[in-house]
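J.: Pasting a structure below so you can have a look.
Residue numbers (our numbering): 11 to 173.
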């Protein structure tokens, strides 16, 4: 059964809420120990430097979901895209279509901004989310491997000290 959710753009006063959502999501993904974000860092990065945007989903005034996203760029399309970093719906509110409503909101934002695509990553073990995305028509990019540099390795590459 689909229920209605109000979706709004987050404001600076939502920083504590955003961090709480990030921690809940990280806990769900068994990655809570990797969260180093702080309220101060999120406030600066999202609301002062505008490096990302956040939408909040509310039911009867209660925040139950969020999505954090930012612009990227497709050289092949010659247009920006919207990269969805995180989408999370609180456990008691899953199954009501709220995730779909958030994705619909973002898809409309992509169209409104004349971007070329909406994309995101999903953990391989998260079968419920993968099934949900496929049902919506999202195409898994199985032929691509995600690479990441962080910490010491990032510093080494930046210094030109990689082999």
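Note that the Cβ used here is the ideal one computed from N, Cα and C, for glycine as well.
Note that this is a predicted model, so its numbers are computed, not measured.
On the DSSP bridge assignment, give the partners of residue 67 in chain order.
T.: Per DSSP, 17 and 75.
J.: Can the beta-carbon of residue 79 be found less than 8 angstroms from the beta-carbon of residue 116?
T.: Closer than 8 angstroms, so yes.
J.: With a CB to CB cut of under 6 angstroms and the five nearest residues on each side skipped, what residues in its chain are close to residue 143?
T.: If we look at residue 143 and ignore the five residues flanking it on each side, it has no Cβ neighbours.
J.: Evaluate contact between the stretch 64-73 and the stretch 102-118, counting only Cβ atoms and requiring at least three cross-stretch pairs below 8 angstroms.
T.: The stretch 64-73, when compared against the stretch 102-118, does touch it at the 8 angstroms Cβ threshold.
J.: Just checking: is the beta-carbon of residue 116 within a distance shorter than 8 angstroms of some beta-carbon in chain C?
T.: Considering every chain present, this structure includes no chain C. It has just one protein chain.
J.: To the nearest angstrom, how far is it from the Cα of residue 159 to the Cα of residue 73?
T.: Roughly 33 angstroms between the two C-alpha positions.
J.: For residue 38, list the residues DSSP reports as bridge partners.
T.: Per DSSP, none; premise fails for residue 38.
J.: Looking at the unbroken beta strand (DSSP E) that takes in residue 161, where does it start and where does it end?
T.: Element bounds for residue 161: not the beta strand (DSSP E) but the alpha helix (DSSP H), 161-168.
J.: Is the CB-CB distance between residue 96 and residue 77 below 8 angstroms?
T.: Taking 8 angstroms as the Cβ cut-off, residue 96 and residue 77 qualify as a contacting pair.
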